[in-house]
Amino acid sequence: IAENRIVLKKIPEVLLCRMCGDEIITESYLNHLEIHGVYLHDKICVHVPIYNDKIAFKRTGENCKQHNLFCIVSDGRFPGFKKINDSDNSTDGTKQLAESYPNVSFFEHGEDFEEAKFNFAAHLAAKMGFKYFILLGSDEYITGDIDELTKTLDERMLLLDPNREYAFHVAIDEHQPENRWNRFITESPKIYANVGLLRTRFSHWLRYSTSQIIETDQDIPLKSYQRRICKIVIHHDDSIRGNDRNKLMTS
116 IAENRIVLKK IPEVLLCRMC GDEIITESYL NHLEIHGVYL HDKICVHVPI
166 YNDKIAFKRT GENCKQHNLF CIVSDGRFPG FKKINDSDNS TDGTKQLAES
216 YPNVSFFEHG EDFEEAKFNF AAHLAAKMGF KYFILLGSDE YITGDIDELT
266 KTLDERMLLL DPNREYAFHV AIDEHQPENR WNRFITESPK IYANVGLLRT
316 RFSHWLRYST SQIIETDQDI PLKSYQRRIC KIVIHHDDSI RGNDRNKLMT
366 S
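Under my numbering, read the sequence shown as residues 116 to 366, first letter to last.
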């Protein structure tokens with residue numbers, strides 16, 4: 116696999132509203148949801164890559180709903196991970212659970228690398244009018260004030276090149292500090308700006324590559340809450356789903 120490849124998928128022109136069954140022009144989808152009484156943040160959304168993780172996503176989905184965040188869920192097996200139930204898409208009820216939330220759009224990608232899902236979600240978000248999105252694992256959830264987050268991001272972006280994409284680190288609270296994957300997760304940026312300009316290259320599922328990473332207080336360890344530039348904490352906790360499922364995904 117070429118390390119410098121960039122995969123860009125076609126972004127849908129319409130999205131299906133599951134509440135009324137109509138196909139809605141992608142750029143108008145958030146306004147359409149308001150007809151059904153669903154009012155969401157219009158500057159920032161969430162992207163959740165997932166594969167057979169219904170148990171964990173129950174918490175993540177409720178969390179996004181609580182914060183009034185639109186959620187793009189990208190389903191499919193990561194290459195190299197064990198195929199579950201002989202399917203490259205989730206078979207454990209993940210899709211049915213995700214589609215029960217009015218603020219979620221669910222996409223089945225099958226076996227695919229992370230950069231393809233990431234680019235798809237970023238460009239879909241941009242087409243819908245979002246400027247920022249949060250990369251959230253299916254076993255992660257957010258605490259904090261989303262309004263303060265977008266305010267902080269807007270203030271920071273005034274000082275930056277408006278024609279560039281950016282990635283920001285936030286505080287990450289590890290609920291299983293002994294987990295061997297935590298270092299990679301903690302060191303990865305979680306918030307992205309000017310999402311329509313993102314062109315993520317091929318990367319392992321643990322890492323994402325953007326053209327520029329913006330950090331602050333470089334002398335402070337990344338896990339320190341003092342390092343965060345925004346008003347939220349992302350909690351990473353894979354204990355909710357059990358070790359058997361974790362071993363399937365990391366063996």
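C-beta: ideal position from N, C-alpha, C; glycine also. This structure is a prediction, so every number in the text was calculated from the model and none was measured.
For this session: From the DSSP output, read off the bridge partner residues of L250.
Result: H162
For this session: Could you spell out the range, first to last residue, of the beta strand (DSSP E) harbouring I140?
Result: Start and end: 138-140.
Exercise. Cα separation between I123 and F235?
Worked result: Inspection of the sequence shows that residue 123 is occupied by Leu rather than by Ile. Using only the alpha carbons, I get a separation of about 7 angstroms.
Problem set entry | Y221 versus V188: straight-line alpha-carbon distance, rounded | Reading off the sequence shown, one finds Phe at residue 221, where the question assumed Tyr. The straight-line gap from Cα to Cα measures roughly 5 angstroms.
Exercise. Taking one C-beta from the stretch 344-356 and one from the stretch 270-290 each time, how about it: are there three or more such pairs within less than 8 angstroms?
Worked result: The stretch 344-356, when compared against the stretch 270-290, does touch it at the 8 angstroms Cβ threshold.
Exercise. Is it a yes or a no for the stretch 254-267 touching the stretch 136-152, going by three-plus beta-carbon pairs under 8 angstroms?
Worked result: no
Exercise. How about C160 and F245: do their beta carbons lie closer than 8 angstroms?
Worked result: yes
Problem set entry | Member of L273, F193, C179 whose CA lies at the smallest distance from the CA of A213 | Selection L273, F193, C179 evaluated against A213 yields C179 as nearest (Cα-Cα).
For this session: Return helix, strand or coil for E230, following the three-state DSSP convention.
Result: helix
For this session: Kindly give me the distance between the Cβ atoms of L312 and E280, rounded to whole angstroms, as I take these residues to be in contact under 8 angstroms.
Result: 4 angstroms
For this session: With a cut-off of 8 angstroms on the beta carbons, I'd call P194 and L148 a contact; round off their distance for me.
Result: Their Cβ separation, rounded to whole angstroms, is 34 angstroms, which puts P194 and L148 out of contact at 8 angstroms.
For this session: Can you grab the Cα-Cα spacing for the pair N309 / N278, in whole Å?
Result: If you draw a straight line from the Cα of N309 to the Cα of N278, it comes to about 8 angstroms.
Exercise. Using a Cβ-Cβ cut-off of 7 angstroms (strictly less than) and excluding sequence neighbours within five positions of M370, which residues of its own chain qualify?
Worked result: There is no way to answer for residue 370, as the model of the chain reaches only from 116 to 366.
Exercise. Pick from Y247, I306, T209: whose alpha carbon is nearest that of D157?
Worked result: Y247
Exercise. CB-CB under 7 angstroms to G259, same chain, minus the five flanking residues each way: which ones, in chain order?
Worked result: K346, I347, V348
For this session: Measure the alpha-carbon distance for Y340 versus E138 and round it to whole angstroms.
Result: Residue confidence is low: Y340 scores 35 on pLDDT, short of 50, so the model does not pin down where it sits. No coordinate-derived value is stated.
For this session: Can you tell me the Cβ-Cβ gap for D203 and G191, rounded? I've got them flagged as a contact below 8 angstroms.
Result: 6 angstroms
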